[in-house]
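Colleague: I am attaching a structure below and will ask some questions about it afterwards.
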Amino acid sequence: MSSVTVRVPAKVNVQLSVGPLRQDGFHDLVNVFHAVSIYDEVVARPARSVTVSVTGGWAAEVPLHDGNLAVRAARALAARAGCDEGAELVIHKTIPVAGGMAGGSADAAAALVACDELWGLGLSREELMEIGAGLGSDVPFALMGGTALGTGRGELLRPLPVGGPFHWVFAVADAGLSTAHVYKECDRLREGSPVPEPRADEELLAALRDGDAAELGRRLVNDLEPAALALHPPLAGTLRAGRDAGALGAIVSGSGATCAFLAGDEAHAAELAGVLATTPGTRAAVVAEGPAPGATSL
Ligand code: ATP
């Protein structure tokens with residue numbers, strides 16, 4: 001086989017509820033993942049060892065060594081399958097880096113699918129998801145796509161029925177936020193206050209099922225948002241600009257620093273994007289639809 005190309009979506013969390021800090025340093029989460037039509041592509045070609053290069057406007061911000069999640073994924077797959085194949089990986093990067101849209105995890109998922117096909121391994125999606133869970137808690141969802149309820153650390157996934165499509169605008173900030181720093185800040189802000197066990201919002205799940213964008217917009221929730229705003233205060237202005245322009249809902253995406261806005265339809269999304277593109281601190285405003293399929297070989 002001369003090459004395999006895999007397309008993989010970004011995600012937004014329409015509910016991200018963070019439980020108390022556990023003894024092991026992690027948090028129990030209730031995480032409603034929603035894949036959206038902003039895609040990276042990963043191309044895999046035969047090679048003696050695993051290498052990676054990156055194209056696109058984000059290339060300078062992506063590590064090219066062993067720290068690249070796509071490289072780690074290819075190696076983890078080879079180890080699991082007991083094969084000593086290599087792959088030349090090329091990532092065409094569109095998903096914002098350090099934007100709370102799980103771009104690194106998406107590339108890991110795409111590399112798993114691409115190398116599985118390139119090396120003729122024939123692993124099932126479930127087996128790839130198991131390997132992915134060892135790489136990062138967002139990797140299994142990037143393989144699954146659609147919309148799903150994640151519990152535990154986010155890695156136990158149940159697909160959810162969705163009556164969409166939903167129309168989104170993502171305001172990409174001109175700064176990134178580190179997920180680890182945002183969780184630490186979240187713990188600091190909540191220190192001394194009781195933190196309830198997280199629960200799925202049944203009304204939000206019903207809004208997703210019914211394709212009710214207005215209700216979904218009202219119920220968007222992200223427990224990491226106060227921490228992201230504390231670490232990068234200009235995001236408050238971005239959220240306000242979107243709400244003032246008529247967004248049905250506005251939220252920081254995951255750990256930030258991208259902000260997500262829900263629109264009523266495609267035309268509304270285009271209109272919101274026009275306003276958000278000129279908001280100070282915003283690098284770009286991108287329209288997208290959800291749910292989008294998981295990592296797919298083209
Ligand atoms: P999440 O939403 O999963 O918390 P994120 O979207 O905020 O993550 P990523 O874009 O996944 O953040 O990048 C986080 C860090 O991971 C980057 O700063 C980068 O150093 C590292 N990284 C490793 N591999 C990749 C990759 N293939 N693409 C992007 N970043 C990568």
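So in UniProt numbering the end of the sequence shown lands on 298, straight run, no missing numbers.
Idealized CB from N, CA, C, for every residue including glycine.
Please read these numbers as outputs of a predicted model, since none were measured by experiment.
Candidates A102, V12 and A109: which alpha carbon is nearest R75's?
Modeller: Here the question's residue 75 lines up with position 75 in the sequence shown. The option with the nearest alpha carbon to R75 is A109.
Colleague: Determine, for V6, whether the minimum Cβ-Cβ distance to residues of chain B falls below 9 angstroms.
Modeller: Here chain B cannot be found, since the structure has a single protein chain.
Colleague: What residues sit near ligand 1, counting only those whose C-beta is closer than 6 angstroms to one of its heavy atoms, in chain order?
Modeller: Going by the Cβ distance cut-off, the answer is V62, P63, G67, N68, L69, A70, I91, V97, A98, G99, G100, M101, A102, G103, G104, S105, D107, D138, T179, G254 and S255.
Colleague: Do the region 35 to 47 and the region 8 to 22 touch if we need at least three Cβ pairs shorter than 8 angstroms?
Modeller: Output reads yes: the region 8 to 22 touches the region 35 to 47.
Colleague: So, at 6 angstroms on beta carbons, what are the nonlocal neighbours of A277 in its own chain, with the 5 sequence-adjacent residues on each side left out?
Modeller: Position 277 of the sequence shown holds residue 277. Correct list, in chain order: A285.
Colleague: What does a CB cutoff of less than 7 angstroms around S49 pick up in its chain, not counting 5 residues either side in sequence?
Modeller: Residue mapping note: residue 49 aligns to position 49 of the sequence shown, counting from 1. Here the set comprises G86.
Colleague: For P198, which residues from the same chain have a beta carbon less than 7 angstroms from its beta carbon, with the 5 sequence-adjacent residues on both sides left out?
Modeller: In the sequence shown, the residue the question calls residue 198 occupies position 198. Here the set comprises S17, V18, G19, D28, L29 and V30.
Colleague: What would DSSP say about V71, mapped onto helix, strand or coil?
Modeller: Reading the sequence shown from its first residue, position 71 is the one you call residue 71. In the structure shown, V71 sits in a helix (DSSP, three-state: H, G or I).
Colleague: Would you report the Cα separation of H232 and G281, rounded to the nearest angstrom?
Modeller: The residue labelled residue 232 in the question sits at position 232 within the sequence shown. The residue labelled residue 281 in the question sits at position 281 within the sequence shown. For H232 and G281, the distance between alpha carbons rounds to 10 angstroms.
Colleague: Compare the Cα-Cα distances from A102 to each of V113, A78 and G136 and report the closest residue.
Modeller: Along the sequence shown, read from residue 1 onward, the residue named residue 102 stands at position 102. For A102, the nearest C-alpha among the options comes from G136.
Colleague: Applying the 10 Å Cβ sphere with the 16-neighbour rule, what's the burial state of G104?
Modeller: Here residue 104 is taken as the residue at index 104 of the sequence shown, counted from 1. Burial call: buried.
Colleague: Compute the Euclidean distance between the alpha carbons of L189 and A245, then round it to the nearest angstrom.
Modeller: In the sequence shown, counting from the first residue as 1, residue 189 sits at position 189. In the sequence shown, counting from the first residue as 1, residue 245 sits at position 245. One C-alpha to the other measures close to 30 angstroms.
Colleague: In chain order, what residues of the same chain have a beta carbon less than 8 angstroms from the beta carbon of L160, not counting five sequence neighbours either side?
Modeller: Counting from 1 along the sequence shown, the entry for residue 160 is found at position 160. Within the same chain, L160 has close Cβ partners V32, G146, T147, A148, L149, L205, L208 and R209.
Colleague: Is the beta carbon of H167 sitting closer than 9 angstroms to the one on D24?
Modeller: Walking along the sequence shown from the start, residue 167 turns up at place 167. Walking along the sequence shown from the start, residue 24 turns up at place 24. Contact: no.
Colleague: Start and end of the alpha helix (DSSP H) containing S105?
Modeller: By one-based count along the sequence shown, residue 105 stands at place 105. Per DSSP, S105 belongs to the alpha helix (DSSP H) from G103 to L118.
Colleague: I need the straight-line Cα distance from T238 to T151, nearest angstrom please.
Modeller: Stepping through the sequence shown from its first residue, residue 238 is reached at position 238. Stepping through the sequence shown from its first residue, residue 151 is reached at position 151. Spanning the two alpha carbons is a distance of roughly 29 angstroms.
Colleague: May I have a chain-ordered list of the alpha helix (DSSP H) segments no shorter than 4 residues that lie completely inside the region 138 to 226?
Modeller: Here the runs fully enclosed are 139 to 144, 179 to 190, 202 to 210 and 213 to 219.
Colleague: Tell me whether E185 is buried or exposed, calling it buried when 16 or more other Cβ atoms sit within 10 Å of its Cβ.
Modeller: For this step, residue 185 is matched to residue 185 along the sequence shown. E185 comes out buried.
Colleague: Tell me which same chain residues have a C-beta within less than 8 angstroms of the C-beta of P226, skipping the five on either side of it?
Modeller: Working through the sequence shown from its first residue, we reach residue 226 at position 226. Closer than 8 angstroms at the Cβ level, and outside the excluded window around P226, lie C186 and L189.
Colleague: Using the Cβ count rule (16 or more neighbours within 10 Å means buried), how would you classify T258?
Modeller: Walking along the sequence shown from the start, residue 258 turns up at place 258. With 16 or more Cβ atoms within 10 Å of its Cβ, T258 is classed as buried.
Colleague: Let's test the definition: count the other Cβ atoms within 10 Å of the Cβ of H65 and tell me whether it reaches 16, buried, or not, exposed.
Modeller: Against the sequence shown, residue 65 aligns to sequence position 65. It counts as exposed.
Colleague: Can you list, in chain order, the stretches of the alpha helix (DSSP H) that have 4 or more residues and sit fully within the region 17 to 85?
Modeller: DSSP runs (the alpha helix (DSSP H)) wholly in the region 17 to 85: 69 to 81.
Colleague: What does the Cβ neighbour count give for D212, buried or exposed, with the cut at 16 atoms within 10 Å?
Modeller: Translated into positions along the sequence shown, residue 212 becomes position 212. Its Cβ being crowded by 16 or more others within 10 Å, D212 is buried.
Colleague: Tell me T238's beta-bridge partners as DSSP assigns them.
Modeller: Stepping through the sequence shown from its first residue, residue 238 is reached at position 238. BP columns for T238 are empty, so no partner.
Colleague: Specify the secondary structure class of V97 as computed by DSSP and reduced to three states.
Modeller: Along the sequence shown, read from residue 1 onward, the residue named residue 97 stands at position 97. It is coil, neither helix nor strand.
Colleague: Answer yes or no: do residue 365 and V4 have a C-beta to C-beta separation smaller than 9 angstroms?
Modeller: Absent from the model: residue 365. The displayed extent of the chain is 1 to 298, so no value can be given.
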